[in-house]
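So for the sequence shown, UniProt numbering puts the first residue at 3; every next one is plus one.
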Amino acid sequence: KSILLINGPNLNLLGTREPETYGSTTLAQVEEQAKKQAESLNATLEAFQSNTEGAIIDRIHEARGNVDIIVINPAAFTHTSVAIRDALLGVEIPFIEIHISNVHKREAFRHHSYLSDKAEAVLVGLGTFGYTCAIEHAVKNIKPAKK
Ligand code: DQA
């Protein structure tokens, strides 16, 4: 199976950004660990991060036909982006939504997601361990996209 891991805006600052909310693990560490984990499960994983909505949409489009499952932390775009929702639905690739923090324990504007009702699974509040859970679930239990 092939997995595409997408991280949205400001997650490049992981490890230094609001560590009380997001922890001290860096994005490079998350991505490296994710690749090793996928390999150990006989899967492949490519990691992508962008602060730009259009770049994330373009990367989702490129995944069509060559990625089985998308694991995405859309960060703030979770709460604003109809366009990322439409891109994910457009390419017909199953996806898992993840949030490092428990968004439901935070401001009301973080309680709504434009993706959750279409996601295979939603992981919130597990810290960066959420990525580990999402990848294992993706490889073991999610039926890949039709090609
Ligand atoms: C986040 C939660 C979002 O509300 C926030 O805008 C982020 C990160 C998380 O991983 O907890 O940037 O997606």
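Ideal Cβ positions, reconstructed from N, Cα and C, are used throughout, including at glycine.
| Check | Outcome |
| --- | --- |
| The ligand DQA heavy atom lying under 8 Å from the CB of T28 | no |
| Whole-Å CB distance - E99 paired with A147, under 8 Å assumed | With 8 Å as the limit, E99 and A147 do not qualify as a contact, their Cβ atoms being about 16 Å apart. |
| Between the CA atoms of E109 and L47 - distance to the nearest angstrom | 32 Å |
| N-terminal and C-terminal residue of the beta strand (DSSP E) that I71 is part of | I71 to N75 |
| Segment limits, alpha helix (DSSP H) that includes S42 | L29 to S42 |
| Extent of the continuous alpha helix (DSSP H) run through F131 | F131 to N143 |
| Outcome for T54 when other beta-carbon atoms lying within 10 angstroms are tallied against a minimum of 16 | exposed |
| Residue of E64, S115, K37 and H106 minimising C-alpha distance to V141 | K37 |
| Sub-9 Å separation of I86 and I62 beta-carbons | yes |
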